[in-house]
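If you read the sequences in order, they're chains A and B. Just so you know, we're using our numbering here: the first sequence kicks off at 3 and counts up by one. Just so you know, we're using our numbering here: the second sequence kicks off at 3 and counts up by one. Just so it is clear, CB atoms sit at the ideal spot from N, CA and C, and this is done for glycine as well. What follows is a set of notes on a single structure, which appears directly below.
Number of protein chains: 2
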Amino acid sequence: MEGTRGATEEDAVLVSGATGFVGARLLARLVADGRRVAAVVRPGSDRTALEAAGVAIVVDDGTAEGLARAVAEIRPTTVFHLAAKFTAIHATADVDGLIEANVAFGARLAEAASRAGTTRFVTAGTSWQVDEAGAERANSLYAATKAAFEAILGHYAANEGMRALSLRLYDTWGPGDTRRKLLPLLLSARASGAHLGLSPGDQRLDLVHVDDVVEGFLAAEARLTAAPAGTFERFALRSGRAVSVKELVAILEQVSGRPMPVAFGERPYRVGEVMAPSPGEILPGWRARIGLEEGLAALIGGDACSTAKR
Amino acid sequence: MEGTRGATEEDAVLVSGATGFVGARLLARLVADGRRVAAVVRPGSDRTALEAAGVAIVVDDGTAEGLARAVAEIRPTTVFHLAAKFTAIHATADVDGLIEANVAFGARLAEAASRAGTTRFVTAGTSWQVDEAGAERANSLYAATKAAFEAILGHYAANEGMRALSLRLYDTWGPGDTRRKLLPLLLSARASGAHLGLSPGDQRLDLVHVDDVVEGFLAAEARLTAAPAGTFERFALRSGRAVSVKELVAILEQVSGRPMPVAFGERPYRVGEVMAPSPGEILPGWRARIGLEEGLAALIGGDACSTAKR
């Protein structure tokens, strides 16, 4: 097999977290673009959707040597690393899993990629790594594990010639999102009419449509293609528009043309609630194009203007 | 047991890496100072020396929950975290062990300490986390794992009220050092007369005596005692005197009063050899007190002046 591969063979791309909300959308886009795509999965993962999409499968056996052997078969020129374990507030029982998923797995993936000759590594960071003043200061153990992985990735950039970029994600949303996050819960309440108790609702979010996030990952890859070896950059994928939960509910009511079954102040803010999206330089050349009103109208399937007139 | 503990009971201190070169010396000092000392060890570790020293043993079972239960029995107010796995140039087979020893173990120790009410956490970093220009830029995966752990520890400081300090260690040396490092190798060659081939020898080291390093850890603990919750600081434990390998050999010859059986230029510099110690703010209130000439003379057991006159 190795011998048949020529220098002109199309570059392969390897995606982790390809069964997650953002990863699946990115994978579908890469496949649609005709890219040669592989997904890295755990031994027990459900591969049905991946195999249906026709992508190659790389199995992470939990060791750097095993993963390096598997990745060497693919020889990806780009890695998109989106796999992550999330906890807003962790318990002691979560620590081992957070470290394994967010640091150890990323470390062996970066090692495997480096050995396989990968030159571009784009990883998903979080807005929670940065405080409201713009300083690098994680607000949770989850965000700290993301920062820890960036430190590991820094080695592969500084000393092994990789080009790396961390995209700090904000509140990603869009069709097919089943995560227990605010917007899916609001859409579910809207559809069912079931009452939803909310916090006072003054915390502000920067909501970015998943298709804009996918464009961000592709823009990051293009940016690294033109970057010198050793590059390691960190950018925000944010729209620049901060919307409070109260305003978001008002937008949903406007788009739907009917009131939302919610009550503000029924729940307290979460401990350490982020009240405003962190700042940070937006990825150059990229901007969020799908507005909330437009995207929500498409998602709900109604016509915002005609619905509002009823 | 819990019920018998009063608020006035002497503060306990927990040490990791207590069987290592620096850790053992720190442990001995803490015991000599009459402190209530515990050491955290792996299940298979040799505890003979620790038990002989009369310190309590905390076994790390490899899980955050297990370690948290064990540390809760000790309730340390201070943790000195010196356990580490070192590789100058790593192979793929080293990655899992580096992450486990230098990131995952530290994370569960910080979690366990935080749950047990520990307020002061002093960790051993490395000068290799900083480049010659003073920027945070690890020169190896080893140094990157140290930086990654600092990112994890940052969470416990910023969000859980811990006071944390990372001491970046340079070239530590002193009696009883059996590590395969330059100075032990030189002392061994001096004693045996066996030929030792060296690199060209123009790389400069900042050599700090282990007793000065121990003083640094105690000074860091004292500093954190006066610091507000949430403090996280990074300081260098360096003498400020950079000595080339050639100069070091000359000092050894002067102290010994006889030539060293070494040849410069027989070996190449290591890939990525650090040619000068990194800068970085020295821990305030601390300074290296044991000079090379004085310390080496004591170590060799001779009198430098009379020997030199022979």
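Counted within 10 angstroms of its Cβ, other Cβ atoms place residue 14/B as buried (16 or more) or exposed: Here the question's residue 14/B lines up with position 12 in the second sequence. Counting the other Cβ atoms within 10 Å of the Cβ of residue 14/B gives 16 or more, which makes it buried.
Apart from the five residues on each side of it in sequence, which residues of its chain come closer than 7 angstroms, Cβ to Cβ, to residue 5/B? To locate residue 5/B, count along the second sequence from 1; it is residue 3. With a pLDDT of 38 at residue 5/B, under the threshold of 50, the modelled position of that residue is not reliable, and the figure given next carries that caveat. Result list for residue 5/B: empty, nothing under 7 angstroms.
Are the C-beta of residue 227/A and some C-beta of chain B separated by less than 8 angstroms? Along the first sequence, one-based indexing puts residue 227/A at 225. So, not an interface residue.
Pick helix, strand or coil for residue 92/A, following the three-state DSSP scheme. In the first sequence, residue 92/A corresponds to position 90, counting from 1. Three-state result, residue 92/A: coil.
Where residue 223/A and residue 124/A are concerned, what is the direct C-alpha to C-alpha distance, given to the nearest angstrom? Taking the first residue of the first sequence as position 1, residue 223/A is located at position 221. Taking the first residue of the first sequence as position 1, residue 124/A is located at position 122. Rounded to the nearest angstrom, the gap between the Cα atoms of residue 223/A and residue 124/A is 7 angstroms.
Against residue 156/B, what residues of chain A qualify as contacts under a CB-to-CB distance less than 8 angstroms, listed in chain order? Your numbering for residue 156/B matches position 154 in the second sequence. Chain A residues near residue 156/B: 139, 140, 146, 149.
I'd like the ranges of any beta strand (DSSP E) spanning at least 3 consecutive residues and lying wholly in the region 10 to 69 of chain B. 14 to 18, 38 to 43, 58 to 61
Hey, would you say the C-beta of residue 201/A is under 7 angstroms away from at least one heavy atom of the ligand FAD? Absence of the ligand FAD from the depicted structure is noted, as is the absence of any ligand whatsoever, leaving it without description.
Can you find the residues in the same chain that come closer than 8 angstroms, C-beta to C-beta, to residue 179/A, ignoring five residues on each side of it along the sequence? On the first sequence, residue 179/A is found 177 positions in, with the first residue counted as 1. Only 23, 185, 186, 212 meet the Cβ criterion.
Assign residue 197/B to one of two classes, buried (16 or more other C-beta atoms within 10 Å of its C-beta) or exposed (fewer than that). On the second sequence, position 195 is the one that residue 197/B refers to. Result: exposed.
Expressed to the nearest angstrom, what Euclidean distance is found between the alpha-carbon atoms of residue 89/A and residue 151/A? Numbered from 1 along the first sequence, position 87 holds the residue referred to as residue 89/A. Numbered from 1 along the first sequence, position 149 holds the residue referred to as residue 151/A. Note on geometry: alpha-carbon atoms of residue 89/A and residue 151/A lie some 16 angstroms from one another.
Minimum Cβ-Cβ distance from residue 110/B to chain A less than 8 angstroms: For the purposes of this step, residue 110/B is taken as the residue at position 108 of the second sequence. At least one chain A Cβ lies under 8 angstroms of residue 110/B.
Between residue 229/A and the rest of its own chain, which residues show a CB-CB distance below 7 angstroms, the 5 nearest in sequence each way excluded? Numbered from 1 along the first sequence, position 227 holds the residue referred to as residue 229/A. Taken in chain order, the residues that qualify are 165.
Can you tell me which residues form a DSSP beta bridge with residue 130/A? Taking the first residue of the first sequence as position 1, residue 130/A is located at position 128. DSSP, once it has assigned bridges, lists no residue as partnering residue 130/A.
Would residue 40/B and residue 78/B be called neighbours here (beta carbons separated by less than 8 angstroms)? By one-based count along the second sequence, residue 40/B stands at place 38. By one-based count along the second sequence, residue 78/B stands at place 76. Yes.
Under 6 angstroms Cβ to Cβ from residue 300/A, same chain only, skipping five residues before and after it: list those, please. On the first sequence, residue 300/A is found 298 positions in, with the first residue counted as 1. There are no such residues.
Over the uninterrupted beta strand (DSSP E) stretch that includes residue 137/A, give me the two end residues. Against the first sequence, residue 137/A aligns to sequence position 135. Note, residue 137/A: premise wrong, no beta strand (DSSP E); not H, not E.
Three or more C-beta pairs under 8 angstroms: does that hold for the region 197 to 209 of chain A against the region 253 to 269 of chain A? yes
Can you list, in chain order, the residues of its chain with a C-beta nearer than 8 angstroms to that of residue 156/B? Leave out the 5 residues immediately preceding and following it. The residue given as residue 156/B occupies position 154 in the second sequence. Within the same chain, residue 156/B has close Cβ partners 166, 234.
How is residue 308/A classed by DSSP in three states: helix, strand or coil? As a working note, residue 308/A is residue 306 in the first sequence. Confidence in residue 308/A is poor, its pLDDT being 40 and thus under 50, which makes the residue's placement too unreliable to answer from.
Would you report the Cα separation of residue 310/A and residue 247/A, rounded to the nearest angstrom? In the first sequence, counting from the first residue as 1, residue 310/A sits at position 308. In the first sequence, counting from the first residue as 1, residue 247/A sits at position 245. Low per-residue confidence applies at residue 310/A: pLDDT is 39, beneath 50, and the placement is therefore not dependable, though the value from the model is reported in the following sentence. Roughly 21 angstroms between the two C-alpha positions.
Hey, how far is the Cα of residue 104/A from the Cα of residue 37/B? Residue numbering aside, residue 104/A sits at position 102 when the first sequence is read from its first letter. Residue numbering aside, residue 37/B sits at position 35 when the second sequence is read from its first letter. Residue 104/A and residue 37/B: Cα-Cα distance of roughly 37 angstroms.
Under 9 angstroms between beta-carbons, which chain B residues line up against residue 223/A? List them in chain order, please. Sequence index remark: in the first sequence, residue 223/A carries index 221 (1-based). Around residue 223/A, no beta-carbon contact reaches into chain B at under 9 angstroms, the shortest distance being about 23 angstroms.
Residue 78/A (DSSP reduced to helix, strand or coil): Counting from one through the first sequence, the residue named residue 78/A turns up at place 76. Strand, per DSSP.
Same chain, Cβ closer than 8 angstroms to residue 100/A, neighbours up to 5 away in sequence not counted: Locating residue 100/A in the first sequence gives position 98, counting from the first residue. Same-chain partners within the cutoff: 87, 89, 92, 143, 144, 147.
For residue 216/A, collect the residues of the same chain with a Cβ closer than 8 angstroms to its Cβ; drop the 5 residues on either side in sequence, then sort them by chain order. The residue you call residue 216/A lines up with position 214 of the first sequence. Excluding residues up to 5 positions away in sequence, 24, 27, 28, 31 lie with their Cβ nearer than 8 angstroms to the Cβ of residue 216/A in the same chain.
Taking residue 94/A as the query, report the chain B residues whose CB atoms sit under 7 angstroms from its CB, ordered along the chain. As a position in the first sequence, residue 94/A is number 92, starting the count at 1. Those are 66, 67, 70, 113, 117, listed as they occur along chain B.
Only counting the same chain, and skipping five residues up and downstream in sequence, which positions put a Cβ closer than 7 angstroms to that of residue 94/B? Here residue 94/B is taken as the residue at index 92 of the second sequence, counted from 1. None.
At what residues does the alpha helix (DSSP H) containing residue 237/A begin and finish? Here residue 237/A refers to the residue found at position 235 of the first sequence. That residue, residue 237/A, is in no alpha helix (DSSP H); its beta strand (DSSP E) goes 234 to 239.
Note the first and the last residue of the continuous alpha helix (DSSP H) segment covering residue 194/B. Stepping through the second sequence from its first residue, residue 194/B is reached at position 192. Where residue 194/B is concerned, the enclosing alpha helix (DSSP H) stretches over 184 to 194.
Residue burial classification, residue 192/B (beta-carbon count within 10 angstroms, cutoff 16): Taking the second sequence and counting its residues from 1, one reaches residue 192/B at position 190. Buried, because 16 or more other Cβ atoms sit within 10 Å of the Cβ of residue 192/B.
Can you tell me whether DSSP reads residue 245/B as helix, strand or coil? Residue 245/B sits at position 243 when you count from the first residue of the second sequence. DSSP places residue 245/B in strand when its eight states are reduced to three.
Neighbourhood of residue 181/A by C-beta, 7 angstroms cutoff - its chain only, sequence neighbours within 5 removed: What you label residue 181/A is simply residue 179 of the first sequence in a count that begins at 1. The answer, listed in chain order, is 23.
Any beta-carbon of chain A closer than 8 angstroms to the one on residue 326/B? Lying before the first or after the last residue shown, residue 326/B is absent from chain B, which here runs from 3 to 312.
Please report the straight-line C-alpha distance between residue 97/B and residue 71/A, rounded to a whole angstrom. Position 95 of the second sequence, counted from the start, is the residue given in the question as residue 97/B. Position 69 of the first sequence, counted from the start, is the residue given in the question as residue 71/A. So the alpha carbons of these two residues sit roughly 14 angstroms apart.
Residues of the region 78 to 106 of chain B with Cβ closer than 7 angstroms to any Cβ of chain A, in chain order: 94, 95, 97, 98, 101, 105, 106
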